[in-house]
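Trainee:
Protein chains: 2
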Amino acid sequence: MARAWNFSAGPAALPEEVLRQAQEELLDWRGAGCGAMEMNLHGKEFQSIIAQAEADLRDLLGIPETYKVLFLQGGATQQFAQVPMNLLAGRSADYIVTGAWSQKAFREAQRVTGGAVRCAASAEESGFTRLPVAEEIRLDPFAAYLHVCTNETIHGVEISAERIADTGVPLVADMSSHLLSRPVPVEKFGLIYASAQKNIGLAGLTLVIIRHDLLGMAPLTIPTPMDYALQAENASFVNTPPTFAIYVAGLVFQWIKRQGGLAGMEASNIAKADMLYACIDASGGFYSNAVAADCRSRMNVPFTLADARLDAAFLDQAKAAGLLGLKGHKSVGGMRASLYNAVTLEAVRVLVEFMNDFAKRNG
Amino acid sequence: MARAWNFSAGPAALPEEVLRQAQEELLDWRGAGCGAMEMNLHGKEFQSIIAQAEADLRDLLGIPETYKVLFLQGGATQQFAQVPMNLLAGRSADYIVTGAWSQKAFREAQRVTGGAVRCAASAEESGFTRLPVAEEIRLDPFAAYLHVCTNETIHGVEISAERIADTGVPLVADMSSHLLSRPVPVEKFGLIYASAQKNIGLAGLTLVIIRHDLLGMAPLTIPTPMDYALQAENASFVNTPPTFAIYVAGLVFQWIKRQGGLAGMEASNIAKADMLYACIDASGGFYSNAVAADCRSRMNVPFTLADARLDAAFLDQAKAAGLLGLKGHKSVGGMRASLYNAVTLEAVRVLVEFMNDFAKRNG
Chain E
1 MARAWNFSAG PAALPEEVLR QAQEELLDWR GAGCGAMEMN LHGKEFQSII
51 AQAEADLRDL LGIPETYKVL FLQGGATQQF AQVPMNLLAG RSADYIVTGA
101 WSQKAFREAQ RVTGGAVRCA ASAEESGFTR LPVAEEIRLD PFAAYLHVCT
151 NETIHGVEIS AERIADTGVP LVADMSSHLL SRPVPVEKFG LIYASAQKNI
201 GLAGLTLVII RHDLLGMAPL TIPTPMDYAL QAENASFVNT PPTFAIYVAG
251 LVFQWIKRQG GLAGMEASNI AKADMLYACI DASGGFYSNA VAADCRSRMN
301 VPFTLADARL DAAFLDQAKA AGLLGLKGHK SVGGMRASLY NAVTLEAVRV
351 LVEFMNDFAK RNG
Chain C
364 MARAWNFSAG PAALPEEVLR QAQEELLDWR GAGCGAMEMN LHGKEFQSII
414 AQAEADLRDL LGIPETYKVL FLQGGATQQF AQVPMNLLAG RSADYIVTGA
464 WSQKAFREAQ RVTGGAVRCA ASAEESGFTR LPVAEEIRLD PFAAYLHVCT
514 NETIHGVEIS AERIADTGVP LVADMSSHLL SRPVPVEKFG LIYASAQKNI
564 GLAGLTLVII RHDLLGMAPL TIPTPMDYAL QAENASFVNT PPTFAIYVAG
614 LVFQWIKRQG GLAGMEASNI AKADMLYACI DASGGFYSNA VAADCRSRMN
664 VPFTLADARL DAAFLDQAKA AGLLGLKGHK SVGGMRASLY NAVTLEAVRV
714 LVEFMNDFAK RNG
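Residue numbers (my numbering), protein chains in the order written: chain E, 1 to 363; chain C, 364 to 726.
Laid out in C-alpha cells, this is it:
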C-alpha cells in the first residue's frame, strides 16, 4: 500500500517530509558517522540537536525566559502523578473535569496524594458534551494549582486558552493533543505538559514547560527523574532522555516553522475541522457529533452513525479506501477522526467525500 | 563521513542491518500504509509488533512462563526508584555496590524509602576494581530483595550470573549494559531490568522481566504507570509505551537470532573483549586497565594512558581515524571502549591497530 490517510488519535501521522528526512539521516546524521539513534548523549552532535529543538520550540510558542523546557518520559499519564508530587507541597489542588483525560488526571492525583485534591467542576452529567459554566465551578483560592485539560482526545472537547479566566492560582494544563496546533499564551500558565505522539512526534517523549517559581517544591523522597527542579538543573539529563524522539520532535518543529508557524498551523487546522464538522452537520442526522459548538475540538472529531449497525461496514469500506484510524475510543464507541497537524487538507477532503458517499449509499 | 566505528557507551551503535530495515520500512511498514512511528496502539499491526518482540525476547533469554515481560519508560534510573517502591512492602532491602551504577541505585532507593535500604557490601575502597568477596558481604536474611548490577558501565566490572550465590531472598539485577550479550539463567532472578540504549535499541525503552510472585506488592499510592502489577495486567499499556523503540528492539532481537542467538553473541563478545584487553595488557604499561581479571567487563573496557597529557591527542587522532565515543566517563576520566553486540570484530581490530600504532608513535 502507498501511504494511507491516517486519522489515528495517537501515535498518529507524521509529516511525510519529516519521515523522509529521518529516513535519509538514519545511518549518518549530517556526516557524524552515526545516526541520531546512536549518538553519545554528551557529544556535540546530540547537544546541538537538543539545543536546536528547544530553541525552535521556544520560538514557535513564544516561551518566556522565565520558563524551563524539559524533555521527559512517561507520557501525560506519568505527569498526572508527577504534577501533584511536585507542586502540591502539603496543600490541595483543584481539577476541572471536562472529559476522560482530565478525569484520569484527577483520579491519578487523588491516588498518589491519598485524596488531597478536589474536583472543582465536572461536565460529566452532560456526557462531556459541553464545558462547565462559571457558576458551576467552585474554586479553592488556596489551591496549589488549578488543573485543566485543554483538549480532550476522547470526547472531542477543546478549550481555547483565551477563555480561561485568571483565578489567582497557578494554572496547569495537559495540552497533549493540541499543543502546537494553534498559538498559546504560555504566560497564562504555570505549567504545560504534553505527550509527543500527537503533534510532536514519537510516543515516549513528554514535554514540560514550567515557570521558574514552581520549581523546587517537591519532597526529598520523590524519584530523581520525576523532580522538575532536578531535571531543570540538569537540562533533562537526570536520566538518559529519549534521544531519537527528541531528534524527530526537532524535525517536526522545523517543519511547523516552514508551514508558517503556529498561525499557519491554526489556519490549516480550522479549515480541516470546519470541513469535517460541516459534513457531519449537513448529513441530515446520518452522522452526528454531540459536542456544543463553542467547544468542539479542531483536533479530535468523534461522531456516531445514526444506525450503529452500519459501523462495521463504515470502518471496512473506509479502510479499503485508504482511510485509517477512524474507530472511536472503546469507552465511547462510534467513530473518531483525529486531524493533527500532519493530517493534510487533502486527507480531510478524501474523508468527507467518502463519508458523503457512504451516507448516500446507506441513507 | 561513512559509518564510523562507534564505541559509545550508550546510546550506542546499532547493527547496520537493523538500521537499513528501519530505514526501508519508515514510511510504510509492510504494506500498513504508515510507518511504525505512526501506528495506532490497539491496531493489529502494532499488536503484532509487540507480540513478536516479546516472543523473540522470551525465546532468546529462555524466559520461563512464570515471568512477565514489561516494556516501560524511564530507563534504569527510574527503576532505581520503582524497584523499592514496588517490592519493599515496609521491609528493608540489601544492595551490593560494585561501581557507579549500583551506587546510584542504592542512593536512589535510600532517597525514595527515606533510608530503609542497606548496603550489604561495597567495593568502593578498591576504586571498584574488584568484586566484594564472600566474607565482606553482610546479608539480611529478611530483606525484601538483594539488588546487584551485573555490569558496571562506568567502572567496567562484570559479574557472571553463575557466580552469584543463592541467598534465599529475591535477586534483583540491573543488567542494562550487558543484557542480550550472553546467556542468562533468568530463573535465578526475581526481577531483571535494563534500559535499551546499549544492546537493545533506543533510549527511552526499559525492559522489566519480573517473576509473578513479585507482582502486586506496591502501595495503592504508587503512580499507576510505575506499578508493575498494573502494567502486567495491561500488557504494558497503562500509559502509551514507546512504540517505535519497541519496534526497533524487535528488529534487534531478530538480528540477534540470525547471529546464532545469545551463544553466538557471547562467542563474538568474548573474541572482541579478549582482543582489546590483550592489546592493553601487552602495551608495556602505555595503556592500563585496573580491573581484576576475574571481573573485567566484556562490554565496557575503561583504560588509561600512562601519560594523561596524551589523552587529547589520542581522542583527536582516534576521531580522525573514524573511531568514535572513546572518551571515558567524566567521573573516572581516561578512555572507555564499549563493545556492545553491534560493535563488530572488525571495529575492534581497527581500534587495536590504532592503539598499537599510537603507542608506537608516542611510547
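For glycine and all other residues, C-beta sits at the position ideal for the given N, C-alpha and C.
Just so it is clear, the structure is predicted and the values come from calculations on it, not from any experiment.
How many whole angstroms separate the CB atoms of C/L570 and C/F434, which I take to be in contact at a CB cut-off of 8 Å?
Mentor: Your numbering for residue 570 of chain C matches position 207 in the second sequence. Your numbering for residue 434 of chain C matches position 71 in the second sequence. C/L570 to C/F434, Cβ: 7 Å. Contact.
Trainee: Using a cut-off of 8 Å between C-beta atoms, extract the partners of E/Q23 located in chain C.
Mentor: Mapped onto the first sequence, residue 23 of chain E falls at position 23. Going along chain C in sequence order, the residues near E/Q23 (Cβ under 8 Å) are Q386, L389, L390.
Trainee: Are the C-beta atoms of C/S455 and some chain E residue less than 8 Å apart?
Mentor: Mapped onto the second sequence, residue 455 of chain C falls at position 92. No - not a single Cβ of chain E is within 8 Å of the one on C/S455.
Trainee: Could you name each continuous alpha helix (DSSP H) segment of 4 residues or more that falls completely within the stretch 300-326 of chain E, going from the start of the chain to the end?
Mentor: If we require 4 residues or more, the alpha helix (DSSP H) runs fully inside the stretch 300-326 of chain E come out as 311-320.
Trainee: Note the first and the last residue of the continuous alpha helix (DSSP H) segment covering C/L382.
Mentor: Numbered from 1 along the second sequence, position 19 holds the residue referred to as residue 382 of chain C. C/L382 -> alpha helix (DSSP H) spans 379-387.
Trainee: Taking contact to mean 3 or more Cβ pairs, one atom from each stretch, closer than 8 Å, check whether the stretch 451-459 of chain C and the stretch 478-490 of chain C are in contact.
Mentor: Yes: the two stretches touch, three or more of their Cβ pairs being nearer than 8 Å.
Trainee: DSSP on E/C295, reduced to helix/strand/coil?
Mentor: The residue given as residue 295 of chain E occupies position 295 in the first sequence. Reduced to three states, the DSSP call for E/C295 is helix.
Trainee: The beta strand (DSSP E) with E/D167 in it runs from where to where?
Mentor: In the first sequence, counting from the first residue as 1, residue 167 of chain E sits at position 167. Reading the sequence as shown, one finds Thr at residue 167 of chain E and not Asp. Here E/T167 belongs to no beta strand (DSSP E), and DSSP marks it neither H nor E.
Trainee: C/L583 to C/A592, Cα distance in whole Å?
Mentor: What you label residue 583 of chain C is simply residue 220 of the second sequence in a count that begins at 1. What you label residue 592 of chain C is simply residue 229 of the second sequence in a count that begins at 1. The alpha-carbon atoms of C/L583 and C/A592 are separated by roughly 11 Å.
Trainee: Using beta carbons (cut-off 8 Å, strictly below), is E/E38 in contact with chain C?
Mentor: Here residue 38 of chain E refers to the residue found at position 38 of the first sequence. Chain C contact via Cβ: present.
Trainee: Could you spell out the range, first to last residue, of the alpha helix (DSSP H) harbouring C/F717?
Mentor: Taking the second sequence and counting its residues from 1, the one referred to as residue 717 of chain C is at position 354. Taken as a continuous stretch (DSSP letters only), the alpha helix (DSSP H) holding C/F717 covers 708-725.
Trainee: I'd like to check one pair, E/N356 with E/C279: are the Cβ atoms closer than 8 Å?
Mentor: Here residue 279 of chain E refers to the residue found at position 279 of the first sequence. Here residue 356 of chain E refers to the residue found at position 356 of the first sequence. Going by C-beta atoms, E/C279 is nearer than 8 Å to E/N356.
Trainee: State buried or exposed for C/A497, treating a residue as buried only when at least 16 other CB atoms are found within 10 Å of its CB.
Mentor: Your numbering for residue 497 of chain C matches position 134 in the second sequence. So C/A497 counts as exposed.
Trainee: According to DSSP, is E/E54 part of a helix, a strand, or is it coil?
Mentor: Here residue 54 of chain E refers to the residue found at position 54 when the first sequence is read from its first residue. It is helical.
Trainee: Have a look at the DSSP bridge pairing and note the partners of E/T129.
Mentor: Against the first sequence, residue 129 of chain E aligns to sequence position 129. According to DSSP, which records beta bridges pairwise, E/T129 is partnered with nothing at all.
Trainee: What does the Cβ neighbour count give for E/A51, buried or exposed, with the cut at 16 atoms within 10 Å?
Mentor: By 1-based counting over the first sequence, the position of residue 51 of chain E is 51. It is exposed - the Cβ of E/A51 has fewer than 16 other Cβ atoms within 10 Å.
Trainee: Classify C/L451 as helix, strand or coil using the three-state DSSP reduction.
Mentor: Working through the second sequence from its first residue, we reach residue 451 of chain C at position 88. Note: C/L451 maps to coil in three-state DSSP.
Trainee: Does DSSP put C/A365 in a helix, a strand or coil?
Mentor: Here residue 365 of chain C refers to the residue found at position 2 of the second sequence. Residue state, collapsed to three classes: coil.
Trainee: Measuring alpha carbon to alpha carbon, tell me which of E/E65, E/Q110, E/S288 ends up nearest E/F80.
Mentor: Residue 80 of chain E sits at position 80 when you count from the first residue of the first sequence. The candidate whose alpha carbon is nearest that of E/F80 is E/Q110.
Trainee: Along the stretch 71-88 of chain E, what residues have a CB closer than 7 Å to any CB found in chain C?
Mentor: Those residues of the stretch 71-88 of chain E that come within reach of chain C (Cβ to Cβ, closer than 7 Å) are Q73, G74, G75, T77, Q78, A81.
Trainee: Quick check on this structure: which residue in C/A385, C/E380, C/V381 has the alpha carbon closest to the alpha carbon of E/L19?
Mentor: Position 19 of the first sequence, counted from the start, is the residue given in the question as residue 19 of chain E. Minimum Cα distance to E/L19 is reached at C/A385.
Trainee: Looking at C/S558 and C/G438, is the spacing between their C-beta atoms short of 8 Å?
Mentor: Mapped onto the second sequence, residue 438 of chain C falls at position 75. Mapped onto the second sequence, residue 558 of chain C falls at position 195. Yes; because the gap between Cβ atoms is below 8 Å, this pair is in contact.
Trainee: Starting from the Cα of E/F189, find the closest Cα among E/L26, E/I63, E/E54 and give me that residue.
Mentor: Numbered from 1 along the first sequence, position 189 holds the residue referred to as residue 189 of chain E. The option with the nearest alpha carbon to E/F189 is E/I63.
Trainee: With DSSP collapsed to three states, give me the class of E/L139.
Mentor: Mapped onto the first sequence, residue 139 of chain E falls at position 139. It is coil, neither helix nor strand.
Trainee: Span of the beta strand (DSSP E) holding E/R30?
Mentor: Position 30 of the first sequence holds residue 30 of chain E. First-last for E/R30: undefined, no H or E at that position.
Trainee: Could you check which residue in C/N652, C/A506, C/I585 has the C-alpha nearest to that of C/D637?
Mentor: Here residue 637 of chain C is taken as the residue at index 274 of the second sequence, counted from 1. When each option's Cα is compared against that of C/D637, the closest is C/N652.
Trainee: Can you grab the Cα-Cα spacing for the pair E/P242 / E/E45, in whole Å?
Mentor: Residue 242 of chain E sits at position 242 when you count from the first residue of the first sequence. Residue 45 of chain E sits at position 45 when you count from the first residue of the first sequence. Distance between the alpha carbons of E/P242 and E/E45 is about 15 Å.
Trainee: Please say whether C/P665 and E/L41 have beta carbons closer to each other than 8 Å?
Mentor: Translated into the one-based positions of the first sequence, residue 41 of chain E becomes position 41. Translated into the one-based positions of the second sequence, residue 665 of chain C becomes position 302. Cβ atoms of E/L41 and C/P665: not closer than 8 Å.
Trainee: Please work out which residues of its chain come closer than 8 Å, Cβ to Cβ, to C/T603, disregarding the five sequence neighbours upstream and downstream, and give them in chain order.
Mentor: Here the question's residue 603 of chain C lines up with position 240 in the second sequence. Taken in chain order, the residues that qualify are L404.
Trainee: Measuring only from the beta carbon, is C/Y430 closer than 7 Å to any heavy atom that is part of the ligand PLP?
Mentor: Ligands in the displayed structure: none, and consequently the ligand PLP is not present.
Trainee: In terms of alpha-carbon separation, which member of E/C34, E/A320, E/R298, E/D311 lies closest to E/L180?
Mentor: What you label residue 180 of chain E is simply residue 180 of the first sequence in a count that begins at 1. Closest by alpha carbon: E/R298.
Trainee: Under 8 Å: do the stretch 484-493 of chain C and the stretch 522-534 of chain C share three or more Cβ pairs, one atom per stretch?
Mentor: No, the stretch 484-493 of chain C does not touch the stretch 522-534 of chain C.
Trainee: Do you know offhand how far C/D679's Cα is from E/G33's?
Mentor: Within the second sequence, the letter at position 316 stands for residue 679 of chain C. Within the first sequence, the letter at position 33 stands for residue 33 of chain E. Spanning the two alpha carbons is a distance of roughly 15 Å.
Trainee: Since C/L377 and C/A705 should fall inside the 8 Å C-beta cutoff, what is the C-beta to C-beta distance between them, to a whole number of angstroms?
Mentor: Reading the second sequence from its first residue, position 14 is the one you call residue 377 of chain C. Reading the second sequence from its first residue, position 342 is the one you call residue 705 of chain C. Contact holds; Cβ gap of about 5 Å.
Trainee: Quick one, are the C-beta atoms of C/A626 and C/P495 less than 8 Å apart?
Mentor: As a position in the second sequence, residue 626 of chain C is number 263, starting the count at 1. As a position in the second sequence, residue 495 of chain C is number 132, starting the count at 1. No, they are not a contact pair.
Trainee: Assuming C/G564 and C/V615 make a contact with CB atoms under 8 Å, what is their CB distance in whole Å?
Mentor: Your numbering for residue 564 of chain C matches position 201 in the second sequence. Your numbering for residue 615 of chain C matches position 252 in the second sequence. Correct: roughly 5 Å between the Cβ atoms.
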